[in-house]
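To start, the structure under review is shown below, and the notes come after it.
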Amino acid sequence: MNKKRVGQIKEQFDRVIHSDEDNHIEFWFARELMSLLGYERWENFEKAIFRAMESCETSGIGVSDHFREVTKLIEVGKGARRSIKDYMLTRYACYLIAQNGDPKKEEIAFAQSYFSIQTRKQELIEERIALIERTEARGRLRESEKRLSQNIYERGVDDSGFGRIRSKGDRALFGGHTTQEMKTRLGVKGTRPLADFLPTLTIAAKNLATEMTNYNVEEKDLQGEGAITSEHVQNNLSVREMLGQRGIKPEELPPSEDIQKLERRVKSQEKKLAAQTGKLPDWPADKDD
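In short: position in the sequence shown from 1, add 381, done, that's this note's numbering.
This is the structure:
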């Protein structure tokens, strides 16, 4: 997500913040937040709220401190008014709702970052979104490689053969550099996977080549290590050529921070979020919207 788009979405989220100065807490109303999170129907959004409440309870955190059902009076035309149900939500509650949403939605990906940090500084939100994008890319690569492993095992190739196929694919993608050479180049120690230290672009490139291999192995019913190796090498060469047309050499891109360290840091921040967020203030019954 580019900076301009992050700024635009941030402005929309900032507009619906409410503050209780006496209790030093920010909060949001579910009905104001619903459309910003990509929901059109209240019934569907309320289900997401219920799932978030369950997550809160499972974590041993008081649900009523972060989710408060409230009643509002709204104008319905010709001076008539009616009561509607809404929810007051703390930052932590909003974060849990975002966690229960579809991360492929741009709004949800933003919200997961926006509500996970105690400051509204755009650069920190951008940094968190970049982390989410990288971890999701890493997860997709993990799944496509697992599928490739299953595919080739069904076609007479063992674990050692899978390792050789993947290694030759890396050599093709990284301009002749082996997996081990790339690990040395990027300072990857021990048996840690190279992909845990690659930038998002390179992870996505590896995933594309692997998905192409999976597709053709299945579609053409390729058999044996030789045929599958040839397919995988060709796909990595094709992806490398595409990147080269845009002036990108994967082997020259700098390493990214260890993804496992980033994930641990995120989990630590999440644990602190509930405590730092504060508790919801009381809300008068039938308050005007």
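By construction, the Cβ of each residue, glycine as well, lies at the ideal position given by its N, Cα and C atoms.
Q. Contact between the segment 481 to 492 and the segment 549 to 558: three or more CB pairs below 8 Å?
A. When C-beta atoms of the segment 481 to 492 are compared with those of the segment 549 to 558, fewer than three pairs fall below 8 Å, so the two segments do not count as touching.
Q: Within 10 angstroms of the Cβ of residue 623, are there 16 or more other Cβ atoms? Answer buried if so, exposed if not.
A: Counting Cβ neighbours within 10 Å, residue 623 comes out exposed, since fewer than 16 surround it.
Q. Is it the case that the Cβ atoms of residue 522 and residue 576 are separated by a distance below 7 Å?
A. Remark: C-beta atoms of residue 522 and residue 576 approach each other more closely than 7 Å.
Q | Counterpart residues of residue 455 in DSSP-defined beta bridges | A | 463
Q. Quick one: Cα of residue 579 to Cα of residue 456, how far?
A. 54 Å
Q: Verify whether the separation of the beta carbon atoms of residue 632 and residue 556 is less than 7 Å.
A: yes
(Q) My parser needs the beta strand (DSSP E) runs of 3 or more residues fully inside the segment 569 to 595; what are they? (A) none
Q) In the structure shown, what three-state DSSP assignment does residue 634 receive? A) Judged by DSSP in its simplified three-state form, residue 634 adopts coil rather than helix or strand.
(Q) By DSSP's criteria, residue 401 is part of a beta bridge. Which residues make up the other side? (A) 406
Q.
If distances are taken between C-alpha atoms only, which option among 471, 470, 515, 467 comes closest to residue 490?
A. 515
Q: State the CB to CB distance for the pair residue 740 and residue 588, rounded to an integer number of angstroms; the pair is presumed to be in contact (CB under 8 Å).
A: Here the chain covers residues 382 to 670 and nothing more, so residue 740 does not appear.
Q) Taking the alpha-carbon positions, what's the residue 630 to residue 621 distance? A) Cα to Cα, the separation comes out at about 7 Å.
Q: Measure the CB-CB distance between residue 581 and residue 518 and report whether it falls below 7 Å.
A: yes
**Q.** In DSSP terms, what residue 468 is bridged to
**A.** Beta-bridge annotation (DSSP): residue 468 is paired with 450.
(Q) Do residue 662 and residue 467 count as a contact pair if the criterion is CB distance below 7 Å? (A) no
Q: For the alpha helix (DSSP H) containing residue 435, list its first residue and its last residue.
A: From DSSP, the alpha helix (DSSP H) with residue 435 extends over 423 to 439.
Q: Could you give the DSSP three-state label for residue 534: helix, strand or coil?
A: Residue 534 sits in a helix when the DSSP states are folded into three classes.
Q: On a CA-only basis, which of 599, 464, 650, 446 is nearest residue 404? Give me that one, please.
A: 446
Q. Okay, do the segment 591 to 598 and the segment 566 to 573 touch, 3+ Cβ pairs below 8 Å being the bar?
A. As far as the Cβ criterion goes, the segment 591 to 598 does not touch the segment 566 to 573, which means the pair count is below three.
Q: Grab the span of the alpha helix (DSSP H) containing residue 661 for me, first residue to last.
A: Residue 661 -> no alpha helix (DSSP H), and no H or E assigned at all.
Q: May I ask which residues mark the beginning and end of the alpha helix (DSSP H) holding residue 419?
A: First-last for residue 419: undefined, no H or E at that position.
**Q.** When 573, 628, 554 are compared against residue 613, the one with the closest alpha-carbon
**A.** The candidate whose alpha carbon is nearest that of residue 613 is 554.
Q | Straight-line Cα distance separating residue 543 from residue 529 | A | 8 Å
Q.
Tell me which residue opens and which closes the alpha helix (DSSP H) that residue 491 is part of.
A. 487 to 495
**Q.** N-terminal and C-terminal residue of the alpha helix (DSSP H) that residue 639 is part of
**A.** Residue 639 -> no alpha helix (DSSP H), and no H or E assigned at all.
Q. Among 476, 470, 641, 420, which one has its Cα closest to the Cα of residue 406?
A. Looking at the Cα atoms, 470 is the closest of the given residues.
(Q) Could you check whether residue 604 and residue 536 sit closer than 7 Å to each other, using their CB atoms as the reference points? (A) yes
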